[in-house]
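First to last, the protein sequences are chains A, B, C, D, E and F.
Each residue of the first sequence is one higher than the one before, counting from 27 in the numbering used here.
Each residue of the second sequence is one higher than the one before, counting from 27 in the numbering used here.
Each residue of the third sequence is one higher than the one before, counting from 27 in the numbering used here.
Each residue of the fourth sequence is one higher than the one before, counting from 27 in the numbering used here.
Each residue of the fifth sequence is one higher than the one before, counting from 27 in the numbering used here.
Each residue of the sixth sequence is one higher than the one before, counting from 27 in the numbering used here.
6 protein chains.
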Amino acid sequence: MSDALFDVLRKVTTATITTMLLKKGIRRCWMNGPKPLVPHGKRLVGSAFTLRFVPAREDLATPESWAKPISTRGAIEEMPEGCIAVADAMGIVSAGIFGDILTMRMVKRNVAALVTDGAVRDKAGVLASKLPVWCAGVAAPASVNGLTFVGWQEPIGCGGCAVFPGDVIVCDDDGAVVIPQNLVAFVAEEGAEHERMETWIVGEVERGVKLPGLYPMNEGTKARYEAAKNKR
Amino acid sequence: MSDALFDVLRKVTTATITTMLLKKGIRRCWMNGPKPLVPHGKRLVGSAFTLRFVPAREDLATPESWAKPISTRGAIEEMPEGCIAVADAMGIVSAGIFGDILTMRMVKRNVAALVTDGAVRDKAGVLASKLPVWCAGVAAPASVNGLTFVGWQEPIGCGGCAVFPGDVIVCDDDGAVVIPQNLVAFVAEEGAEHERMETWIVGEVERGVKLPGLYPMNEGTKARYEAAKNKR
Amino acid sequence: MSDALFDVLRKVTTATITTMLLKKGIRRCWMNGPKPLVPHGKRLVGSAFTLRFVPAREDLATPESWAKPISTRGAIEEMPEGCIAVADAMGIVSAGIFGDILTMRMVKRNVAALVTDGAVRDKAGVLASKLPVWCAGVAAPASVNGLTFVGWQEPIGCGGCAVFPGDVIVCDDDGAVVIPQNLVAFVAEEGAEHERMETWIVGEVERGVKLPGLYPMNEGTKARYEAAKNKR
Amino acid sequence: MSDALFDVLRKVTTATITTMLLKKGIRRCWMNGPKPLVPHGKRLVGSAFTLRFVPAREDLATPESWAKPISTRGAIEEMPEGCIAVADAMGIVSAGIFGDILTMRMVKRNVAALVTDGAVRDKAGVLASKLPVWCAGVAAPASVNGLTFVGWQEPIGCGGCAVFPGDVIVCDDDGAVVIPQNLVAFVAEEGAEHERMETWIVGEVERGVKLPGLYPMNEGTKARYEAAKNKR
Amino acid sequence: MSDALFDVLRKVTTATITTMLLKKGIRRCWMNGPKPLVPHGKRLVGSAFTLRFVPAREDLATPESWAKPISTRGAIEEMPEGCIAVADAMGIVSAGIFGDILTMRMVKRNVAALVTDGAVRDKAGVLASKLPVWCAGVAAPASVNGLTFVGWQEPIGCGGCAVFPGDVIVCDDDGAVVIPQNLVAFVAEEGAEHERMETWIVGEVERGVKLPGLYPMNEGTKARYEAAKNKR
Amino acid sequence: MSDALFDVLRKVTTATITTMLLKKGIRRCWMNGPKPLVPHGKRLVGSAFTLRFVPAREDLATPESWAKPISTRGAIEEMPEGCIAVADAMGIVSAGIFGDILTMRMVKRNVAALVTDGAVRDKAGVLASKLPVWCAGVAAPASVNGLTFVGWQEPIGCGGCAVFPGDVIVCDDDGAVVIPQNLVAFVAEEGAEHERMETWIVGEVERGVKLPGLYPMNEGTKARYEAAKNKR
């Protein structure tokens, strides 16, 4: 995945990305659950590094398990620079998958963001760590209270979407979307043009133009838009 | 509906309105779902202009459908100045019914507010458009991802309430309530007096008066209140 | 319960408290539902004063019922200074259990906080009253719209936890936890040491130490930590 | 409560009872959750004997707790002949409040039925015990897995309804309804007449009469009905 | 819609119909909610006659409303012979949309079936009326307890599907599916062939053939299947 | 796992098994969701063979995917005789993970049962295939409508429980429980004794003995029970 594509995607809203994917018949790309822990207006783009949890079982999900080779700690040390960690917490928001010590370490490793359909804990500390987080809640208990960590870089579900290692994740104030790897170039190119078009339409609305015929554009509007593009 | 009644209602909290409606046996008047997209402390009042969605079907809910006569675009152009648009999204929060271009146009048409038990998209743009919004979420996908628009100015459900075109909507930081048309005068008048009474009670609590006998008022307290009113 | 223990607990995060209780086999101690009405970064500690609601029945849950001896008003007048009121609203968020007049009175009585798995109403007024509130929502309707108040200082459920009068409640930005009375000393002591340890670990992460072996600590790390403690 | 009233109620469907209560403004009388464990077509009537659970806490909800004075065992021994036990399980269906040994003992004590918004366990044994049960599910784990028993003959919630000791419970294949004590005579008398009327209407529908004007009856139909009643 | 197509559809399972619609990109065609009130093994086919409810409001949803021109009674008298009534109850299962008197009348009018994402009441009587019913529950209260009827033959949602008047409904023990009008011929023809193919595959599985290559069929299997078809 | 242990477990109810596991601190062992497709009174025991799904993505979850090496078809051919297939469908009940052709093949392969927190399709055919099924629903659409199959014999969640390949599954009319591999001998032995004890208690209840002191047994009762055991 070229850096150039990522630079383009940083200027395409998640809203527009979902519309581009709909052109390819894909409706299930926006994760229902993850929201910005603090809305900050920034858009982040990265390759998905997946984490997988199953429900807790009292004999397995213990503080001792954190020292095992298959642990969230081990997973963090495998995360490549610039990736976006996506954690399948099965929508469980009564246990925080990560707290401040783990998000601090992720910042040290230059992880771009954490996305989960679960919760984080130590909210104050997580905010202080400056790791951008999209999550479905905040909870005091540790992951082992409700979850057993079972592995990384496997296919997962997150917020009702399938996420595969290497899919591209984009997140902004509207939430997080997943772009299948083979559609990234398509989405970036069409998305950039779509943003140009919507910017022009916004100007038209500001001028007082009515919506029918403008958005979506009819033939006359398309001609006016093309003319405007050529002028620039 | 006289403007004077609306001016009175602007000073009556939604909390008080629900209590006034309870006097008439109406418990189902507060919409469970719509919350201020940004809490801002303002109270808005307007006649309901209803919008109705049913679930998406892939052959109908397409970007192309936005160009049809029955479309959210067409509905917006029918909205009268000062109305509050109320959209029945069946509580679905995984698709945004409106984005920034549509809310910009609503502002141009002097629509007072948008209320929905669904979500909006393009959050940053919607905020920039300055349309006051009460909604149940924010989502990147367009309405067609989950919803099919079928008409306007029909009876709808929103957040568990029945809303008929012409009912009066009041919304503030406690959410949105619907007042049946024939009860608006009653609610405004009794509500205004109720607010006066609660303001006096607040003063009493500040003076250290205990709650029993004060709120609700017993006979002695009522006499004191009446005396205080006459003094003013 | 000694004030000294409470002072210690004020410096122990709810996250740490849940981990200490897990050592005793207790997983169900964090209430799923109550969140700070406004995140403010403060941690509050107090003995639980419980309030119990059952669902509304139209002949019982009326504004008139507020004048009865068994009423939320009567309960508030029984609350001891410094307590934390915990209200079992059965997770119903479509009616506000308390509004601003009641929270003002609680402040007058020096109640430390209100915790509920239900909603409050008159949000603007409740914020103005300065009572710290952890709740699951905001709603305009009064309690009688959905709830019947039946008593205080009984065992209750709140957010999926059992709460008994006299249990200790701690709440911060991660939510609210309940500590069984007989475990308070244990939690305070072990929790304080745990916080010291995590502070040291945070320093290590800042220095770039990897997580495995550090958190949780292996034998080598423990030795380094003990040495550091002795140095101080 | 006279036995005669109960005999009348045995011939009034729960559907009709809800309609009679609606005449008194009561909509919240049907419990959403309890269903017949096996549909059998019988209707049962009895005074409510209430049982109350709160969520489990691992230090309290243990098999050992079953030997405590406040236990489901103790409660069963207090149940009067002919009562209907109504258990508030907070809608939790992942733990069975009672198994076969307990339902056998209830049959020995001539308890008329068990109604709960929770689950039972040992389904095969419960069926063999012949206790009529209305519940929301079947689960293998014992109550202590998810619930702590805290008392009996207190006001409770069950399936979204308030139930007070001594309220009258009627259950049939449409579920379970609660009749406030002071409305039992009204419901029995009006209900019996309503059943007579509906029986006549059924005959009319069988003859091919259209619904409008028949159900509800207009003036002409009422006259025909009165004439038919007098003939009998 | 020709009767012949309906005869073909009567032999195509709802499972197969969903697979045929998936070929056209339609995934949202099975209603999540309606189940056979009594599983009986029969498959029913008919044109959709839609009914629409919104939530109850206490001043509107009264027994008196049943005498109004826009009422469920009026709707039933408009139902054409052989249609399948599909009622949008917004998934509310705490009020029965229809009871036995109404289902008796529907049988008199030769309505083929009732499908709803809500509940019916008077279960015993509804069963006695012999109207085939697919519903999401059984409840004692009448529709007015939770619902207001607002019209018929409008676009509706039912169990997460859009249903338009004139769409074709097929229901069997797997539930109810909706076929868009313009795809009925396609679904009937392809579905019938699909059933033939699956019947042959069933025979192969009975003979002990492994699944890979058989289902779905690879080229070799397809050749064998075509040969078998020609033999018949 | 010896066959003898399995024979013992076949006589231990799932209810008793959960109580035995509680002795080891394990509360999360009963799957919330799977119920017998038809209650039949039989108890089945087998080693877990796990199947894992993630949500559907339109480009992946297609009928074509069934021909891929990683497919439910491939998984079935790997199932060892006597195993119980446990499928993690994330609780999604709007798509059937398996239909009749697949369950027929499982019967051919001597699979003991299918357990899932999702749904099956082709109910009539699945019943005809005679494979014992515990599931959370029945739905017409194929798995690809809502699910993507990603692998087998991995750790999974099912009905809120962690299930690892090789754990032992027991299912009867109370649902399905999972026994961690290293606790199977403990559960079988203690469970068998527990069943003996409960059988004796049932006899006591039949004789009219009161519950307190009997269940759980106090010292006197224990002595009587031991005496009775010795007599046999």
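For glycine and all other residues, C-beta sits at the position ideal for the given N, C-alpha and C.
These numbers come from a predicted model, not from an experiment.
* Asked: What do you get for B/P89, buried or exposed, if any count of 16 or more other CB atoms within 10 angstroms of its CB means buried?
  -> The sequence position of residue 89 of chain B within the second sequence is 63, counting from 1. Counting Cβ neighbours within 10 Å, B/P89 comes out exposed, since fewer than 16 surround it.
* **F/S155 versus E/E230: straight-line alpha-carbon distance, rounded** => For the purposes of this step, residue 155 of chain F is taken as residue 129 along the sixth sequence, with counting starting at 1. For the purposes of this step, residue 230 of chain E is taken as residue 204 along the fifth sequence, with counting starting at 1. The alpha-carbon atoms of F/S155 and E/E230 are separated by roughly 14 Å.
* To do: Answer yes or no: do F/S120 and F/T174 have a C-beta to C-beta separation smaller than 9 Å?
  => Looking up residue 120 of chain F in the sixth sequence gives position 94. Looking up residue 174 of chain F in the sixth sequence gives position 148. No, Cβ-Cβ distance for F/S120 and F/T174 is not below 9 Å.
* So, are the CB atoms of C/R83 and C/G177 less than 9 Å apart? -> The residue given as residue 83 of chain C occupies position 57 in the third sequence. The residue given as residue 177 of chain C occupies position 151 in the third sequence. No, these two residues do not count as a Cβ contact at 9 Å.
* Asked: Going by other Cβ atoms of all chains shown within 10 Å of its Cβ, with 16 needed for buried, is E/G144 buried or exposed?
  -> As a first step, residue 144 of chain E must be located in the fifth sequence, where it is residue number 118. Its Cβ being crowded by 16 or more others within 10 Å, E/G144 is buried.
* To do: Quick one: residues in its chain with C-beta nearer than 7 Å to the C-beta of E/W226, no 5 flanking neighbours on either side, listed in chain order?
  => By one-based count along the fifth sequence, residue 226 of chain E stands at place 200. Within the same chain, E/W226 has close Cβ partners Y251 and A254.
* To do: Tell me, please, whether the CB atom of B/C197 is closer than 9 Å to any CB atom in chain E?
  => For the purposes of this step, residue 197 of chain B is identified with residue 171 of the second sequence, where counting begins at 1. By this cut-off, B/C197 is not an interface position.
* Neighbour list for F/P106 in chain E, Cβ cutoff strictly below 7 Å -> Against the sixth sequence, residue 106 of chain F aligns to sequence position 80. Those within 7 Å of F/P106 in chain E number zero; the least Cβ separation is about 15 Å.
* Asked: Is the region 133 to 144 of chain C touching the region 99 to 112 of chain C in the sense that three or more CB pairs, one from each, lie closer than 8 Å?
  -> yes
* Would DSSP call C/V38 helix, strand or coil? -> Numbered from 1 along the third sequence, position 12 holds the residue referred to as residue 38 of chain C. Three-state DSSP puts C/V38 in coil, outside helix and strand.
* Proximity to A/F32 [Cα-Cα], best of A/K61, A/A74 and A/N256 -> Position 6 of the first sequence holds residue 32 of chain A. Cα-wise, what sits closest to A/F32 is A/A74.
* Can you check whether the CB of B/L70 is closer than 9 Å to the CB of B/V196? -> Indexing the second sequence from 1 puts residue 196 of chain B at position 170. Indexing the second sequence from 1 puts residue 70 of chain B at position 44. The answer is yes: Cβ separation under 9 Å.
* To do: Scan the region 163 to 211 of chain C and note each continuous beta strand (DSSP E) run of 3 residues or more that stays entirely inside, going in chain order.
  => 173 to 178, 182 to 184, 187 to 189, 194 to 198 and 201 to 205
* At 7 Å on the CB atoms, spell out the chain B contacts of A/A74, in chain order. => The residue labelled residue 74 of chain A in the question sits at position 48 within the first sequence. The premise fails here: A/A74 is roughly 17 Å from chain B at the closest Cβ pair, so nothing lies under 7 Å.
* Is D/G72 helix, strand or coil when you go by DSSP? -> Position 46 of the fourth sequence, counting from 1, holds the residue named residue 72 of chain D. Note: D/G72 maps to strand in three-state DSSP.
* Taking one C-beta from the region 57 to 69 of chain F and one from the region 193 to 211 of chain E each time, how about it: are there three or more such pairs within less than 8 Å? -> Using a C-beta cut-off of 8 Å, the region 57 to 69 of chain F makes no contact with the region 193 to 211 of chain E, since fewer than three inter-stretch Cβ pairs fall below that distance.
* Asked: Going straight from the alpha carbon of D/V141 to that of D/V204, what length do you get?
  -> To locate residue 141 of chain D, count along the fourth sequence from 1; it is residue 115. To locate residue 204 of chain D, count along the fourth sequence from 1; it is residue 178. Taking the straight line joining both Cα atoms gives about 11 Å.
* Asked: Nearest chain F C-beta to E/Y241 closer than 9 Å, yes or no?
  -> Position 215 of the fifth sequence holds residue 241 of chain E. True, the Cβ-Cβ gap to chain F drops below 9 Å.
* Min CB distance A/V43 to chain F below 9 Å -> Reading the first sequence from its first residue, position 17 is the one you call residue 43 of chain A. The identity of residue 43 of chain A in the sequence shown is Ile, whereas the question assumes Val. Chain F contact via Cβ: absent.
* Leaving out the 5 sequence neighbours to the left and right, which residues in its chain are closer than 8 Å to F/G19 when beta-carbon positions are compared? -> With chain F covering only 27 through 258, there is no way to say anything about residue 19 of chain F.
* To do: Please name the residue in C/L209, C/G192 and C/D126 whose C-alpha comes closest to that of C/L48.
  => For the purposes of this step, residue 48 of chain C is taken as residue 22 along the third sequence, with counting starting at 1. Taking only the C-alpha atoms, the option nearest C/L48 is C/L209.
* Measure from the alpha carbon of D/L237 to the alpha carbon of each residue in E/I127, E/P206 and E/M223, then state which is nearest. => Residue mapping note: residue 237 of chain D aligns to position 211 of the fourth sequence, counting from 1. Of E/I127, E/P206 and E/M223, the residue nearest in Cα terms is E/I127.
* **Residue from A/A150, A/W56, A/E221 and A/A101 whose Cα sits closest to the Cα of A/V34** => For this step, residue 34 of chain A is matched to residue 8 along the first sequence. Ranking the options by Cα distance to A/V34, first place goes to A/E221.
* Kindly list the residues whose CB is nearer than 8 Å to the CB of B/Q179, restricted to its own chain and excluding five residues on each side of it in sequence; keep chain order. => As a working mapping, residue 179 of chain B is identified with position 153 in the second sequence. Cβ within range, chain order: F75, T76, E104 and P191.
* Taking all protein chains shown into account, decide if E/K248 is buried (16 or more other Cβ within 10 angstroms of its Cβ) or exposed. => Locating residue 248 of chain E in the fifth sequence gives position 222, where the first residue counts as 1. By the neighbour-count rule (16 or more Cβ atoms within 10 Å), E/K248 is not buried but exposed.
* Asked: Considering only the beta carbon of each residue, do C/A166 and B/W56 sit closer than 9 Å?
  -> Against the third sequence, residue 166 of chain C aligns to sequence position 140. Against the second sequence, residue 56 of chain B aligns to sequence position 30. Contact flag set, yes.
* Would you call the CB atoms of C/F124 and C/S169 closer than 9 Å? -> Position 98 of the third sequence, counted from the start, is the residue given in the question as residue 124 of chain C. Position 143 of the third sequence, counted from the start, is the residue given in the question as residue 169 of chain C. Contact flag set, yes.
* To do: Determine the burial state of A/N256: buried for a count of at least 16 other Cβ atoms within 10 Å of its Cβ, exposed for fewer.
  => Taking the first residue of the first sequence as position 1, residue 256 of chain A is located at position 230. A/N256 comes out exposed.
* Asked: In three-state DSSP terms, what is F/R78?
  -> Position 52 of the sixth sequence, counting from 1, holds the residue named residue 78 of chain F. Strand at F/R78.
* In the DSSP assignment, find the alpha helix (DSSP H) that holds C/L153 and state where it starts and stops. => Position 127 of the third sequence, counted from the first residue, corresponds to residue 153 of chain C. C/L153 -> alpha helix (DSSP H) spans K149 to S155.
* Alpha-carbon spacing of A/V80 relative to C/R54, whole angstroms -> By 1-based counting over the first sequence, the position of residue 80 of chain A is 54. By 1-based counting over the third sequence, the position of residue 54 of chain C is 28. A/V80 and C/R54: Cα-Cα distance of roughly 19 Å.
* What are the start and end residues of the beta strand (DSSP E) that includes F/L140? -> Along the sixth sequence, read from residue 1 onward, the residue named residue 140 of chain F stands at position 114. F/L140 -> beta strand (DSSP E) spans A139 to T142.
* Can you name the residues of chain F whose CB is closer than 7 Å to the CB of A/M46? -> Within the first sequence, residue 46 of chain A is the residue found at index 20, counting from 1. Here the premise fails: no neighbours, minimum Cβ distance about 14 Å.
* To do: Given a cut-off of 9 Å, decide if A/I110 and A/G72 are closer than it, judged by their beta-carbon atoms.
  => As a position in the first sequence, residue 72 of chain A is number 46, starting the count at 1. As a position in the first sequence, residue 110 of chain A is number 84, starting the count at 1. In contact: A/G72 and A/I110 (Cβ atoms closer than 9 Å).
* Please confirm whether C/N244 and A/A93 have their CB atoms less than 9 Å apart. => To locate residue 244 of chain C, count along the third sequence from 1; it is residue 218. To locate residue 93 of chain A, count along the first sequence from 1; it is residue 67. In this structure, A/A93 lies closer than 9 Å to C/N244 by Cβ.
* To do: Consider the Cβ of C/V209: report whether some Cβ of chain A lies at a distance smaller than 9 Å.
  => Taking the third sequence and counting its residues from 1, the one referred to as residue 209 of chain C is at position 183. One point to set straight first is that residue 209 of chain C is Leu, not Val, in the sequence displayed. No, its Cβ sits nowhere closer than 9 Å to a Cβ of chain A.
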